[in-house]
Amino acid sequence: MSQSTIDANARAAVELERRKERNRMHQARYKKKQNMHMLGMEDTIQLLKDEIRKLQLTRQFKSLEPANKTSWSVLTEYFRLFRFGVKPSGHVAAENMYPIDPQAQHNFLLKTMAPDVTNGIMGGVDGVMKIWEHESLCFPGLWVDIKCLEDGPDGSIIVTTKHNLTISEATLHYMFPHLIHGDGEYSQLVNKLLGQQLLTHVVVHFEWDSETGRVNSYVSKADIVTPMLRLLGNLEDVSHVFKGSRMTPTGEAIASL
1 MSQSTIDANA RAAVELERRK ERNRMHQARY KKKQNMHMLG MEDTIQLLKD EIRKLQLTRQ
61 FKSLEPANKT SWSVLTEYFR LFRFGVKPSG HVAAENMYPI DPQAQHNFLL KTMAPDVTNG
121 IMGGVDGVMK IWEHESLCFP GLWVDIKCLE DGPDGSIIVT TKHNLTISEA TLHYMFPHLI
181 HGDGEYSQLV NKLLGQQLLT HVVVHFEWDS ETGRVNSYVS KADIVTPMLR LLGNLEDVSH
241 VFKGSRMTPT GEAIASL
């Protein structure tokens, strides 16, 4: 091979390497441009999500107080806003589990319940929020449906609801800790309970003040024994579940919230 041929091949190789380098630089610039474009799109999407969230909150706040503030309309709206419970503060949860903002729920209570409203255990609007928060913490995925509204004595209202409760590890930890602590005596019960659903009927008596258009007090009673018996199959196991639990068979919390 002649020297001229060798030189020509060398020049060709150098030129080829330059082209490859230019292509690499071009691809790098293109990729950087694409990345910047994607980042810009992500920022835009996040801004849109934030704007949608603000609009949703605005809509919620505007609908806090029923236009026709009767006892039935207030309580219907109350159970609509609290249908999925209250997002427990300090806990990470999917937004679709708690579609209503806790601040919107709190503001609704301020407008429709007496400042000293009580269920006989806890008082005030903050107490109502705390009760819902506790139930939501114990039963993730909770949902509540109204089955019946009736006028009670002395202007009171009786609301019958159905609570769909899923027994999770959180339920056992907060409600039935005696089943998971110790020497595993109740391990078979735990296996029966975990992941199961309880359809519980709850009757709530609301005392309504027609002059102020607010709820003064309320008392709720749940039937947890019936669905628990249906799930476990015998009263002995049901007795073990509630012996040492932090909840009575009628749904009242025994331990302080």
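Counting from 1, one number per residue, gives the positions in the sequence shown under the UniProt record's numbering.
Note that CB positions come from ideal geometry on N, CA and C, so glycine has one too.
>> Pop quiz: Q46 and F82 are said to be a contact at Cβ under 8 Å. What is the actual Cβ separation, rounded to whole angstroms?
In response: Actually they do not touch by this definition, with Cβ atoms about 29 Å apart.
> Residue ranges of each beta strand (DSSP E) run of no fewer than 3 residues wholly in the region 173-217, ordered along the chain?
Replying inline: 197-209
>> Would V204 and V159 be called neighbours here (beta carbons separated by less than 8 Å)?
In response: yes
>> Across the region 130-140 and the region 183-194, are there enough close Cβ pairs to call them in contact, namely three or more that are closer than 8 Å?
In response: no
> Apart from the five residues just before and just after L235, which ones in its own chain have a Cβ nearer than 7 Å to its Cβ?
Replying inline: L229
>> Please report the distance separating the alpha-carbon of E133 from that of D126.
In response: 10 Å
> For L16, which residues of its own chain have a beta-carbon under 6 Å away from its beta-carbon, when the five flanking residues on both sides are left out?
Replying inline: none
> Is the beta carbon of residue 267 less than 8 Å from the beta carbon of I167?
Replying inline: The structure shown has nothing for residue 267, since the chain only spans 1 to 257.
> Within 10 angstroms of its Cβ, does T70 collect 16 or more other Cβ (buried), or is it exposed?
Replying inline: exposed
>> Do L165 and Q197 count as a contact pair if the criterion is CB distance below 8 Å?
In response: yes
> Which residue or residues does DSSP assign as beta-bridge partners of A222?
Replying inline: V202
> Can you give the Cα-Cα distance for S245 and P177, rounded to whole angstroms?
Replying inline: 7 Å
>> Suppose you measure from the CA of G251 to the CA of N35; what does that come to, to the nearest Å?
In response: 55 Å
> Expressed to the nearest angstrom, what Euclidean distance is found between the alpha-carbon atoms of T171 and D209?
Replying inline: 35 Å
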